[in-house]
Every structure is written in structure tokens, then in C-alpha cells.
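Worksheet for the structure shown next.
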Amino acid sequence: MNIVENFDLYAPRLVDKEEHFSAGHRACQGCGEALAIRLMCKALGKDTVIVNATGCMEVVSTMYPTTAWNLPWIHVAFPNSASVGAGVEAGLKVLRRKGKIADRDVKTVAIGGDGGTFDIGLQALSGAMERRHDLLYVCFDNEAYMNTGIQRSGATPFGASTTTAPAGADSTGKSEWKKNLAEIIAAHNVPYVATACHSYPFDFMNKVKKARKIKGPSFIHCMSVCPTGWRTASEDTIKMGRLAVETGVFPLYEIENGKYTMNIKPDRLRPMEDYLKLQGRFRHLTPADIEVIQTRVNLEYNKLLNKVENLQSWEDLS
Amino acid sequence: MSERVGMEIALAAAETVALCRPDVIAAYPITPNTHIPEHLSDIVAEGRLDADFICVESEHSALSACCGASGAGARAFTATSSQGLLYMAEVVPIVSAMRLPIVMIIGNRALSGPINIWNDHSDIMSQRDVGWISMFAANGQEVVDMTVQSFKIAEHRDVMLPVNLNLDGFQLTHVVEPMLFPSQEEVDAFLPEYEPYAAVHPDNIVSMGTLALPEIFNEVMKAKDEVLKDSKKVILEVWKEWEEKFGRTYKPVESYKTEGAEILLLAIGSMAETAEVAIDELRDRGMPVGLLKLRLWRPFPFEEIRNAVKDVKAIAVLDRAVSFGGPGGPVFSEVRSALYDEKVRPTIISEIIGLGGRDVPVGDFIKIAEKAARVAKTGPEEEYEIFGVRGS
Amino acid sequence: MEKAKKWPEDWQEIIPGCMVFRPGSAREYHTGSWRAQRPVYDNSKCIKCGMCYIFCPEGCISQDADGYFIADLDYCKGCGICAHECWPGAITMVEEG
């Protein structure tokens, strides 16, 4: 065990103890997304406004007349956390300029699930990123429309069984590959784009802190394990996130002004089977299916490594 | 203030909105309302208005961004028509539920299909049940006056509801009229700075847009209904103040030559101005006919309607929208419902005119008034009529 | 177990817009009632690293006066993440009686 891992072991003691996302929320046992939100809030601090799309987190955290949020929070509808966020950002900016609110930085952070970001919310997100609002968008991706009962989304991985693309005699679950949203947002020339996972909490929190400092748009794609939807044991939530990174399914990287950096680089990728066999949603896959997935994951991983090694930052190119 | 300025009404609306000092404007262009956001962005670009103009990528995002801005405590404004209104329709009832005092100007245009960019009321009539305050302007001066009034009514602490102000697309938006504009000082004196009830800011933490279980939802809806009904008090107060300061009167239902009238036309929007010409002509002929002009649509002015139609034998309610397969025109069905329990009720007929921008000349209003006089004796001839359709 | 706040007796008590001005009031609802198993700490093995605290989705684990970590059973849903992630194996999940 090298010194960095040792440090991580004791780093929890250094983290801000305040819980901006309190207990009492109605998330499932072992919910990775709730954990990720809790960690994100610790990294953001109290000068933050959260804009939340409809989804698991919004529903479980704010049942009138209670709220789990110790931060200012607004929810409007499903596809619009990015556009509501754009409005909050503009409103706060104008009010500060006119001297109507305190003259200090308050960061607007819009959050949504994969449903509210990849699919129904993609237009609003694209518009907000293109208009360069000072907005951090964090997508908590549990790879299906979990809140409505595990339906297929653009973020659902190939071969996963969901309620609207189920495995059956005539189907192996989702027959399309997962949309690569980090790349789509990077193509909007967003200065900071990162992937993260709650199983690497300090990496995630550091990325949130970094993104918070950006004066402009930034985007973090956080994988969030859902034991209910993935059909995994609730205690395996952290383990599943680690396996996703260790098998190369969900590599953790940053794109800063066009420069790619791998944050966690396993010496050798673990085989896909280690990841897939623990999840009920992949139970139906045959060895041939797993081979197809392995080939594709290797390809995507190599594509990413290629970018990490060869692409220069925009500053170097201009 | 004393000089009339001739200007396209949409531009006048934009100039008046600018006088109201909005903080954030988020709007998407759609004919015939486009000149409003365009001119506002001109005003901002010229430095005449300190605001953020967000060029949102859709109407849904326009109203959403306004929600965000209003939630942050800023004064927010948007404008749209027809399909744009339907695209943001998902957010529309949420705005009133969240008690965000957003002002929206709607340049009324027919709903597609088939696609038609010209005026009728099918867009706003699809949004009857959403809990917004809704008013109709019949001419340019009313657009200017009611724009300022809308912000004041919306932001009043006893109201805190969004307001939509309706003006007929093309018939008003693209028409040049002479109007009196209040000065910036007069608007500042009339419309105080917005002080939000709550705002998303770390200095006073609030969660907005929470979830309501069935156990509480009915009470929430009751509260929403009561606050909209109660807003009429504030609307009348604001109109009284406007009359005192600017000398122009506003009432929920305006009467035109209704003294001794046995037949009434009831109109909403700019068609009322053409109807007035018809009334003048019919009065010259000796027909006891008058006109009611509906200005306040929501909250619906039950009392004023009932008072206005006492001693009347027949009313022809003019609508610029139809509820297909339903009870005729929306204004007609609501007026009829308002009068159902009255001991003495006039005969009420529904005449749907001018759909999709079809011109309705003075002669048509005359024909409708004559029909109303006829049915006063014989009773209604059909459930409702889409007036002036070629063919039988 | 403390019950969640009772519903208001009158619709006029509803806060405008269903806004909630009580941050963290979700704590009125004790999710601990959901548990089927509970974490039991063996402090002799605990190295006080805080990994259980970091990985708890409820954020219900905190340190006592001696620095040992303990879960607040009012909120602990018994997911087992803390026991699974504990390096020295100081936490065991035990069936609720």
C-alpha cells in the first residue's frame, strides 16, 4: 500500500464535518447518489445555490414541510435544472451588480440525474453551457430513469436490462451503447469537464472544488451506483463504483481547456466479468455478450488514453 | 409624459417593460411577439436598461430561466405566443404554485395545426386553469398602462402570483398607435423595487419547489385558488391608484353604450374596438344595443358580469377560440356558467369569430347583434357558431 | 421513535409556494425504522480513520468524545456500506431483533 493510498485512509478526518445534506432523506439503503450529493455539498460549502431537476434526489429530499437541504435549493421541473440554473446565476449576478444582495461569490450549481441530463434535459444543458453561464452542472448518473422505476435512458449501458428495454427471449436488454456526455459537453468548449465517482470521494470532492473556482461553465459527470436499479447488494455500492473504474467502464479523467488527464490509472484493467457478474441487471448476458462489451470497453479506453497522451491544451495550441 | 408618441405597440410594450426595470429577461422569438424581446435586447445593448438578457434556446428554458431569476429574488420578464406558450406550458402552473411574480406578455396567436401565425386566442385559452392572473389589452395605451400595472400586481405581498398580459398578435403587436408613456420617475414612484418574499441565497436558506403528498395537496390547491380569487382586491386597488395618478380608468368589465341596452355584445381583446364602431352604427339606427369589454380574465369577474347583464334580454359572447366538441367559446362558457344561477337570465349565444387572424369587419358585428336580437325572442339556434365560415 | 411533523389543521397554514424555511428538517423523519440490520462497532479494532463516516449515504456516522465512530441509529438504514468498507473489520452488521 503506497503512501497516497495511506493518506486517503486518513483524509476523512480532514473533511469539513458539516452536513449540508442532512440525514432523514428517503433514499434507498446504500444509495450511491445520496452519498455523492452529500460529498458534493461538503466540497461546495455554504455559499452555494442548488438547482435540482426532478428525480430521485429531489423527491427523497424535499417532502413538504421538510427538507434535507441545508443549502438554498430550488426545483422547478424535470428538463430544466440547467435553464433554471442559468436564471439563478443571472439573477444573482444582476442583484449583486445592483447592490441588492451581499457582495460576495455565491456559486450556482445545477444537478440532475442521467434522465434529466442526458435525455430530457440535454437541450437546456447545451444552451446553458453554450451561453457560458457561471454554472457548475453535476450529473448524477445511475444509468436509468431510476425514480420512475428503472427505465432505459441514454446513459444506460449496453446489455443492461431495464423495464423499458428488458432482457428477454428476443432481447439482451439495451442494444445501444452509452452516450458519452462528457465528450459532448467538452465539445461545447467548456473549460472544465470531469468524470467522477463517489467511490473515489476525495477525487470527486477535489473536482467539485476545482469546478467551483471556474468563472464560467463547468461539468462533472458523477457515476452513482443504484443498488435498487442495478440489482446489487446495498453494501456493495462503493465496491461497484471502484470496479467500474478498475475495469475501465467508467474511467476518471478531467478535460481542462482541452487537455485530458487520467486521474486514476490502473496498471492493468480488470476483466469486465468482475464488474458485470455482481449486478442483477446484467445477469442474462452470455459469455459472447460479455466479449462484445469487453471489446468495446477496451476500444473506448484506448481512445481515451490516446487523447490523454496526444491532445494539447487550448492555450498551447493558440 | 404629456406628449403622445406614435410607435408600434410591440415596441411600446418593450419600452414600458424597460421602464419597469426588470433584472432578468429570458425570451425566445416567435411571431408575432418577436419584436418585444428584440427591442428589449436593443434597449439593454444600448445601455438604457441594466438587466441580463438571456438568449435562451427555447421557450421552455425562457420561463425556466425566469423561474430561476425570480427564485433568486430578481424581477423577471418573458414574452411569447402560441406554440411557445405551449412549449413552456409544463412550467406555467409551476410558476403560480411557486408564487413567483413573473410577468409575461403574450402576443396571442393561433395554435398549430395547421400552422398559422396570425391572431386568435386559442393559445391563452389553453392555459385557463393554471393559477395565473390574466388580463387582456384592447389597444396600445392599455398595453402600456397594463404592463406597469402587471408588475405591481404580481409583486404585491398579498398576491405574489405571475401575471400574463394578452395582446392580439398582429392586430395589436404590429400596429402603430399614438400612446402616452409614463416617465421613468413616474414608473419608479408607482412601482417600488421588488422585495421578494423569499429568495434562494445562503443568507436566508429556503427550499423552493418541494414535493406535496396527497395528504396535503388539496389544502395547497385550496390555498392557490383563494390567493388568486383574493388578488382581485389588489388589482382593483392598483387600478384605482393608476386612475388617480394618470387619469385613465380600468375596470374588470368595461361598458360601452350599455344604458338602456336590451342586447349586448361581449368582447375580449382588440375586437372590442371594432365592435364599438358597430355599436355606434346600430345605436344610430335606434337599436338598444351595447358592448361589454372583458379586461380581467383571471380571476374571473363574476360580480361585474352579473351586474352588467341585469335587465338585458340577450348577449352574444364573441370568442376568438373554440373548445372543439365542447361548450363553444371559452369566454361564452364561463359567462354562461357565471349567469346560470341568476333568477333572471338573458339568452346567451356563442359566436366564434376571427380564428387564425381572419378579419372581422364591422358588418359582421352588426350581423351578430342582429342575430342576438332575433334569438332574444326565439331562443338559441345552436350550441355555438363558428361565424363566417364559407359553406353551409 | 419521533413521528414526522403532523399535517397542518388548516389550509391557511400552508406556506406560500410550499417553500420550506427549515433547513435540515428532514431529520424529523427517522429513517432508522427501515433497518433490517444494524452496524455494531468493535472499538478495539477501530483505527479512527473515518472511512465509514465518509461513505455513509445518510451522513449519520459521527465521532464520540474518544474519537471512535458511531452510527446514529435514528437514521441508519442498515445498508452495510460502513461494515463493508471498514479496513480493519471493526464493524459487523447484526440482524435487528
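Residue numbers (the numbering used here), protein chains in the order written: chain A, 48 to 365; chain B, 5 to 396; chain C, 9 to 105. Every residue, glycine too, gets a C-beta built ideally from N, C-alpha and C. Quick caveat, the model's predicted, so the values are computed rather than measured.
Gly361(B) is outside the set of residues whose beta carbon lies under 9 angstroms from a beta carbon in chain C. The region 38 to 47 of chain C and the region 82 to 93 of chain C touch, with three or more beta-carbon pairs separated by less than 8 angstroms. Counting only residues of its own chain and dropping the five nearest sequence neighbours on each side, Thr39(C) has a CB closer than 6 angstroms to the CB of Tyr83 and Lys85. For His122(A), the beta-bridge partners assigned by DSSP are Asn99(A). With contacts defined as CB atoms closer than 9 angstroms, Ser108(A) and Asp188(A) fail to qualify as a contacting pair. Distance between Lys226(A) and Arg289(A), taken at the CA atoms: about 21 angstroms. Residues of the region 340 to 359 of chain A with a C-beta less than 7 angstroms from any C-beta of chain C: none at all.
By a beta-carbon distance limit of 8 angstroms, Leu165(B) contacts Pro105(B). Their separation comes to about 7 angstroms.
Ser187(B) has its alpha-carbon roughly 24 angstroms from the corresponding atom of Ala30(B). Within the region 24 to 68 of chain B, the complete alpha helix (DSSP H) runs of at least 4 residues fall at 39 to 49. Closer than 9 angstroms to the CB of Tyr111(A) there is at least one CB belonging to chain C.
Contact annotation: Ser130(B) and Ala101(B) have beta-carbon atoms that are not nearer than 9 angstroms. With respect to the 9 angstroms criterion, Leu61(A) and Cys64(C) are not classified as neighbours on the basis of their beta carbons.
By the Cβ test, the region 68 to 82 of chain A is in contact with the region 98 to 113 of chain A, since at least three Cβ pairs between them sit closer than 8 angstroms. Only residues of its own chain outside the window of five on either side were considered, and among them Arg8 and Gly10 have a CB closer than 6 angstroms to the CB of Pro182(B), listed in chain order. Here DSSP, grouped into helix, strand and coil, assigns Asn112(B) to strand. In this structure, the CA atom of Thr113(A) is about 13 angstroms from the CA atom of Pro119(A). For Lys154(A), the pairing in a beta bridge is given by DSSP as Thr95(A). Annotation: the region 291 to 365 of chain A contains the following complete segments of the alpha helix (DSSP H) (minimum length 4 residues), in chain order: 319 to 323, 334 to 357 and 361 to 364. In the DSSP assignment, Ile22(C) is bridged to no other residue. Where His92(C) is concerned, there is no enclosing beta strand (DSSP E), although the alpha helix (DSSP H) around it starts and stops at Ile89 to Glu93. A straight line joining the alpha-carbon of Asn37(B) with that of Thr20(B) spans about 15 angstroms. In this chain, the beta strand (DSSP E) harbouring Lys297(B) covers Val293 to Leu298. In this structure, Thr308(A) is the residue among Thr308(A), Ile158(A) and Ala129(A) with its C-alpha nearest to the C-alpha of Glu356(A). If the five residues before and after Phe155(B) are omitted, its C-beta is found closer than 6 angstroms to the C-beta atoms of Cys24, Val107 and Leu195, all from its own chain and listed in chain order. Scanning its chain for C-beta atoms nearer than 6 angstroms, with the 5 sequence neighbours on each side dropped, one finds around Leu81(C) the residues Gly40, in chain order. Taking C-beta atoms as the reference points, Ala70(A) and Glu66(C) count as a pair closer than 9 angstroms.
With fewer than 16 other Cβ atoms from the protein chains shown falling within 10 Å of its own Cβ, Ser218(A) counts as exposed. Taking each of Met291(B), Gly360(B), Glu307(B) and Gly329(B) in turn and checking the Cα distance to Glu374(B), the smallest one comes out for Met291(B).
Per DSSP, Glu277(B) is one residue of the alpha helix (DSSP H) stretching across Met275 to Asp288. A residue is called buried once 16 or more other Cβ atoms fall within 10 Å of its Cβ, and Val156(A) is buried on that count.
In this model, Gly75(C) and Tyr61(C) are separated by some 12 angstroms (Cα to Cα). Contact between the region 117 to 126 of chain B and the region 172 to 182 of chain B is present, with at least three C-beta pairs closer than 8 angstroms. Taking 9 angstroms as the cut-off, the Cβ atoms of Ile311(A) and Val292(A) count as close. If you look at Tyr239(A), you'll find it isn't in any alpha helix (DSSP H); it sits in the beta strand (DSSP E) that goes Tyr239 to Cys244.
Contacts with chain A at 9 angstroms (Cβ-Cβ) include Val28(C).
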